[in-house]
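*Asks:*
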Amino acid sequence: MILITVSVIANSKNTYSNKTLLSHNLPAKNVEADSIMRIVISSAAGYEDAVSKYDAEIYIKGHTEILKHNFLIRFANHLFPVDRKNKDIVFEMVSQSKFNAPNTYLHNFKAVNGNSIPNSSKQQEVLNYLNLNVYSPTAYNEGILMPVASNAFSLYNFTLEGIQDTAGLKIYKIRFMPKIWSQKLVCGDLYIIDKSWIIDKIDMNGRLSFAEFNLVMTFSRDFRRFILPEKADLFLRYHVLGNAIVSTYHSTFKYNEVEWVEEDNEKGKGKSLDLTSYYRLSSDTVPIIQDSAYWNKIRDIPLTAEEQKILYTPLETSEGKTDTTNMTKYIELTEQLTNTVNLDYRTTRIKYSGLLNPFQLGYSARNGISYKQKLRLSKTFKDDRQLRFRPEIGFVSKRKEIFFKVAGDWEYKPEKMGVLSLTIANGNQGYSSEITQKINKELKDSIFDFDDLNLKYFKHYYVDLRNSFELFNGFQLMTGISYHRRIPVKSKTNIEAGDDVNELLSENFHDFLTSVGFTYTPRQYYRMDGHRKEYVRSYYPTISLEIAQAIPNVGKSTGNYGRVEADIHQSISLGLLRKLNYHISGGFYTRAKSTYFADFEYFTRHNFPDSWNDKIGGVFNLLKSEWYNASDKYVQAHFMYQSPFILFQLLENKEASKHIFSERFYLSQLWTPILPSYTEVGYGLGNNIFNIGIFLGFDRWEYQSVGFKFAFELFQ
Numbered sequence: 001m002i003l004i005t006v007s008v009i010a011n012s013k014n015t016y017s018n019k020t021l022l023s024h025n026l027p028a029k030n031v032e033a034d035s036i037m038r039i040v041i042s043s044a045a046g047y048e049d050a051v052s053k054y055d056a057e058i059y060i061k062g063h064t065e066i067l068k069h070n071f072l073i074r075f076a077n078h079l080f081p082v083d084r085k086n087k088d089i090v091f092e093m094v095s096q097s098k099f100n101a102p103n104t105y106l107h108n109f110k111a112v113n114g115n116s117i118p119n120s121s122k123q124q125e126v127l128n129y130l131n132l133n134v135y136s137p138t139a140y141n142e143g144i145l146m147p148v149a150s151n152a153f154s155l156y157n158f159t160l161e162g163i164q165d166t167a168g169l170k171i172y173k174i175r176f177m178p179k180i181w182s183q184k185l186v187c188g189d190l191y192i193i194d195k196s197w198i199i200d201k202i203d204m205n206g207r208l209s210f211a212e213f214n215l216v217m218t219f220s221r222d223f224r225r226f227i228l229p230e231k232a233d234l235f236l237r238y239h240v241l242g243n244a245i246v247s248t249y250h251s252t253f254k255y256n257e258v259e260w261v262e263e264d265n266e267k268g269k270g271k272s273l274d275l276t277s278y279y280r281l282s283s284d285t286v287p288i289i290q291d292s293a294y295w296n297k298i299r300d301i302p303l304t305a306e307e308q309k310i311l312y313t314p315l316e317t318s319e320g321k322t323d324t325t326n327m328t329k330y331i332e333l334t335e336q337l338t339n340t341v342n343l344d345y346r347t348t349r350i351k352y353s354g355l356l357n358p359f360q361l362g363y364s365a366r367n368g369i370s371y372k373q374k375l376r377l378s379k380t381f382k383d384d385r386q387l388r389f390r391p392e393i394g395f396v397s398k399r400k401e402i403f404f405k406v407a408g409d410w411e412y413k414p415e416k417m418g419v420l421s422l423t424i425a426n427g428n429q430g431y432s433s434e435i436t437q438k439i440n441k442e443l444k445d446s447i448f449d450f451d452d453l454n455l456k457y458f459k460h461y462y463v464d465l466r467n468s469f470e471l472f473n474g475f476q477l478m479t480g481i482s483y484h485r486r487i488p489v490k491s492k493t494n495i496e497a498g499d500d501v502n503e504l505l506s507e508n509f510h511d512f513l514t515s516v517g518f519t520y521t522p523r524q525y526y527r528m529d530g531h532r533k534e535y536v537r538s539y540y541p542t543i544s545l546e547i548a549q550a551i552p553n554v555g556k557s558t559g560n561y562g563r564v565e566a567d568i569h570q571s572i573s574l575g576l577l578r579k580l581n582y583h584i585s586g587g588f589y590t591r592a593k594s595t596y597f598a599d600f601e602y603f604t605r606h607n608f609p610d611s612w613n614d615k616i617g618g619v620f621n622l623l624k625s626e627w628y629n630a631s632d633k634y635v636q637a638h639f640m641y642q643s644p645f646i647l648f649q650l651l652e653n654k655e656a657s658k659h660i661f662s663e664r665f666y667l668s669q670l671w672t673p674i675l676p677s678y679t680e681v682g683y684g685l686g687n688n689i690f691n692i693g694i695f696l697g698f699d700r701w702e703y704q705s706v707g708f709k710f711a712f713e714l715f716q
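In the working numbering, the protein residues as written are 1 to 716.
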């Protein structure tokens with residue numbers, strides 16, 4: 001069993017084609033391989049962060065060819081770097097690359113040549129794959145579990161394929177194969193040097209995002225830089241939406257300077273919470289050098305005849321020409337309507353979801369089909385201060401409701417996460433506490449059935465002004481004021497509610513609320529993007545508290561009540577790429593001296609399916625909307641277990657299982673005085689294109705409903 005079948009680079013210059021395997025049928029080869037790999041794995045942790053600095057010149061030769069395409073290729077540039085104008089591209093680049101531990105990378109391109117000059121996304125493509133630490137337990141932002149991970153023996157089978165004698169060195173060829181099918185695993189060969197037990201070469205096949213890849217990377221045998229690569233050959237094949245694109249890259253590394261971490265200097269130092277990766281491409285003014293003598297000096301291998309023909313025969317493009325065909329006009333129009341639009345001009349950025357973009361569709365059992373439109377406009381000022389405008393609108397089919405939000409932010413202190421936000425929006429329709437009390441009183445001898453009462457009584461509009469500021473790392477203080485207006489809808493019911501209730505239905509309600517709260521995460525890891533601070537992760541729970549008080553006689557406000565809510569959530573790592581998330585919260589209303597609407601912050605309806613990494617695991621997916629307003633107090637708990645290996649590893653359909661990145665189990669529980677026990681269980685799976693889940697709902701442990709939830713991950 002192997003993870004995936006890909007084409008291997010033909011005539012790789014890094015292979016040991018001129019060497020002879022001394023033995024193909026060694027006795028007890030699996031036992032020997034396991035013994036060797038235990039030594040390699042135990043040493044890997046010490047080598048993972050051993051280099052503190054290096055300066056290298058990297059030569060890269062790339063060849064990209066569009067093998068198959070259709071009209072859907074116009075979406076391809078949103079999924080992977082592709083030049084739709086040229087079907088066959090050859091280019092060369094020279095980069096002066098620097099690294100400083102822990103996470104500072106700078107790639108400064110010194111020269112480029114080709115029949116089509118690669119843009120920044122194309123440059124980033126090859127650098128992402130070359131940025132491989134072979135001794136790390138994971139690769140490519142935890143997208144792949146490496147065969148040197150601490151739990152590798154539970155994921156991979158190792159076999160000793162042979163022993164090589166190269167330049168007086170005894171080298172073991174160890175084949176690693178995944179025990180189960182997953183895109184998180186790779187297959188291939190490790191070449192291990194005897195006695196030193198360091199990795200001389202890795203040849204691995206796998207799948208990452210939309211690409212099948214083969215990477216052959218050879219490492220230096222000089223003890224001063226044995227961790228760093230000397231040569232690399234990369235093969236990429238994209239096969240998406242009926243389009244096939246192949247890219248091959250050959251790279252060499254020449255190191256001018258390498259510094260190692262001094263162990264004595266590291267003792268006694270606490271681990272920094274700053275995870276900033278200063279990764280920058282400096283390529284805006286790369287000189288185009290066509291001098292063959294220059295490139296002949298740089299290259300370690302000459303160009304092939306085919307590469308020379310393409311490189312020195314520039315392809316004709318449509319630039320500078322006017323194409324007035326109806327088909328071209330149609331394609332340009334559909335691209336503008338269906339694609340996500342991204343525009344950058346100096347310090348101004350615009351992102352629009354696209355009028356007919358299918359990736360803005362979602363589905364949930366409770367709300368039906370939903371469609372959302374979003375616009376993001378931002379202007380950046382000195383020291384990364386930023387002004388943002390965030391309007392959005394969406395439609396929910398089952399409820400036939402339109403939701404809108406017009407929001408703006410002024411990030412006045414980005415390094416302290418200081419943000420002032422103003423939001424004007426409409427919320428979920430609901431009903432007041434007084435209506436609930438009166439209906440319960442009149443129906444005390446009957447069964448309480450929201451479906452019969454059809455309690456969609458009030459439309460909700462509000463304005464919210466909120467400020468958040470980080471007092472110290474991980475601790476954010478939030479203050480805000482908001483004004484709410486609720487207008488009766490006067491929905492028809494099948495039950496006579498009574499004169500008192502009918503009088504309430506003709507009233508408008510206004511509330512003015514002040515709120516204060518905090519969110520605190522101990523030992524919060526973060527990264528800096530210039531002056532802007534972003535939270536990354538923590539091994540401790542996040543605790544939140546919010547207290548709100550309604551103040552009467554501000555404008556037309558009549559509300560006079562308090563609300564208190566608390567929340568705790570955490571993501572607990574259970575090993576590589578496995579985790580358990582929990583999310584527990586509760587709230588109640590206090591000093592209710594007037595009619596109020598039970599609109600909690602942490603216990604509320606969500607009308608649009610969220611991204612996989614958002615709140616799809618922290619909400620109820622099947623709970624009837626009426627229950628959210630039916631009580632003045634609640635306690636809820638959500639648990640989610642995530643792993644790339646749960647159910648799909650049991651399937652014999654390898655083609656399906658290799659496209660699933662992760663699977664999830666859900667368990668959610670709710671308590672309110674009116675609904676003492678509501679439970680949801682669910683199972684979900686997803687990848688970088690979509691996520692989907694199925695959920696079962698139980699009212700007081702009796703089966704109530706089943707439903708699905710679907711959302712696109714692309715362009716979220």
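Glycine residues also receive a C-beta, built at the ideal position from the N, C-alpha and C atoms.
Please give the ranges of any beta strand (DSSP E) in the stretch 88-114, keeping only runs that are unbroken, at least 3 residues long and fully inside the region.
*Replies:* 88-100 and 104-114
*Asks:* Go ahead and pull the three-state DSSP assignment for residue 705.
*Replies:* strand
*Asks:* For residue 601, tell me which candidate among 581, 534, 170 and 428 has the shortest Cα-Cα distance.
*Replies:* 428
*Asks:* Going by DSSP, what residues sit across from residue 204 in a beta bridge?
*Replies:* 188 and 215
*Asks:* Tell me the DSSP secondary structure of residue 408 in three-state form.
*Replies:* Correct three-state label for residue 408: strand.
*Asks:* Would you mind working out which of 362, 386, 459 and 564 sits nearest residue 609, comparing C-alpha positions?
*Replies:* 362
*Asks:* Tell me which residues share the same chain as residue 170 and place their Cβ nearer than 7 Å to its Cβ, disregarding the 5 neighbours each side in the sequence.
*Replies:* 163 and 194
*Asks:* Tell me whether the stretch 58-65 and the stretch 239-251 touch, counting them as touching only if at least three CB pairs, one residue from each stretch, are closer than 8 Å.
*Replies:* Contact between the stretch 58-65 and the stretch 239-251 is established, with three or more Cβ pairs separated by less than 8 Å.
*Asks:* Pairing CB atoms from the stretch 203-223 with CB atoms from the stretch 673-684, are three or more of them under 8 Å?
*Replies:* no
*Asks:* Between residue 489 and residue 459, how many whole angstroms is the CB-CB distance? I'm expecting something under 8 Å.
*Replies:* 6 Å
*Asks:* Quick one: what's residue 692 bridged to in DSSP?
*Replies:* 685 and 710
*Asks:* If contact is defined by three or more beta carbon pairs under 8 Å, each pair taking one atom from either stretch, is the stretch 35-47 in contact with the stretch 140-149?
*Replies:* yes
*Asks:* Looking at the secondary structure, which residues open and close the beta strand (DSSP E) in which residue 260 lies?
*Replies:* From DSSP, the beta strand (DSSP E) with residue 260 extends over 243-260.
*Asks:* Can you give me the start and stop residues for the alpha helix (DSSP H) that residue 62 sits inside?
*Replies:* Where residue 62 is concerned, there is no enclosing alpha helix (DSSP H), although the beta strand (DSSP E) it sits in stretches over 51-68.
*Asks:* Does residue 577 pass the burial test, meaning 16 or more other C-beta atoms within 10 Å, or should it be called exposed?
*Replies:* Burial call: buried.
*Asks:* With a 10 Å radius around its C-beta and 16 neighbouring C-beta atoms as the bar for buried, classify residue 540 as buried or exposed.
*Replies:* exposed
*Asks:* Since residue 417 sits in a beta bridge, which residues does DSSP pair it with?
*Replies:* Residue 417 is not bridged to any residue.
*Asks:* In three-state DSSP terms, what is residue 646?
*Replies:* coil
*Asks:* I need the straight-line Cα distance from residue 422 to residue 365, nearest angstrom please.
*Replies:* 32 Å
*Asks:* Given a cut-off of 7 Å on the beta-carbon distance, is the pair residue 634 and residue 603 in contact?
*Replies:* yes
*Asks:* Does residue 722 come out as helix, strand or coil in the three-state DSSP assignment?
*Replies:* Residue 722 falls outside the range modelled here, since the chain spans only 1 to 716, and no answer is possible.
*Asks:* Does DSSP put residue 43 in a helix, a strand or coil?
*Replies:* Correct three-state label for residue 43: helix.
*Asks:* Looking at the structure shown, is residue 630 part of a helix, part of a strand, or coil, going by DSSP?
*Replies:* coil
*Asks:* Under a three-way DSSP split, which group does residue 141 fall into?
*Replies:* coil
*Asks:* Have a look at 483, 466, 574 and 345 and flag the residue whose alpha-carbon is nearest the alpha-carbon of residue 378.
*Replies:* 345
*Asks:* Assuming contact is defined by CB atoms lying nearer than 7 Å, are residue 259 and residue 53 in contact in what I supplied?
*Replies:* By the CB criterion at 7 Å, residue 259 and residue 53 fall inside the cutoff.
*Asks:* Just confirm the distance between the C-beta atoms of residue 113 and residue 289, as a whole number of angstroms; I'd bet it's less than 8 Å.
*Replies:* The C-beta distance from residue 113 to residue 289 rounds to 6 Å, short enough to meet the 8 Å contact threshold.
*Asks:* Taking its Cβ as the centre, do 16 or more other Cβ atoms sit within 10 Å of residue 404, making it buried, or is it exposed?
*Replies:* exposed
*Asks:* Measuring CB to CB, does residue 188 end up less than 7 Å from residue 200?
*Replies:* no
*Asks:* The alpha helix (DSSP H) spanning residue 154 covers which residue range?
*Replies:* 152-155
*Asks:* Tell me the DSSP secondary structure of residue 305 in three-state form.
*Replies:* helix
*Asks:* How is residue 283 classed by DSSP in three states: helix, strand or coil?
*Replies:* Caution applies to residue 283, whose pLDDT of 48 falls short of 50 and renders its modelled position unreliable; the value that the coordinates give is listed next. DSSP places residue 283 in coil when its eight states are reduced to three.
*Asks:* Tell me whether the beta-carbon of residue 526 lies closer than 7 Å to the beta-carbon of residue 536.
*Replies:* Taking 7 Å as the Cβ cut-off, residue 526 and residue 536 qualify as a contacting pair.
*Asks:* Whose C-beta lies closer than 6 Å to the C-beta of residue 513 among residues of the same chain, with five residues either side of it excluded?
*Replies:* The residues are 482, 548 and 550.
*Asks:* For residue 636, count neighbouring Cβ atoms within 10 angstroms of its own Cβ and tell me buried if that reaches 16, exposed if not.
*Replies:* Burial call: buried.
*Asks:* Cα separation between residue 431 and residue 543?
*Replies:* 30 Å
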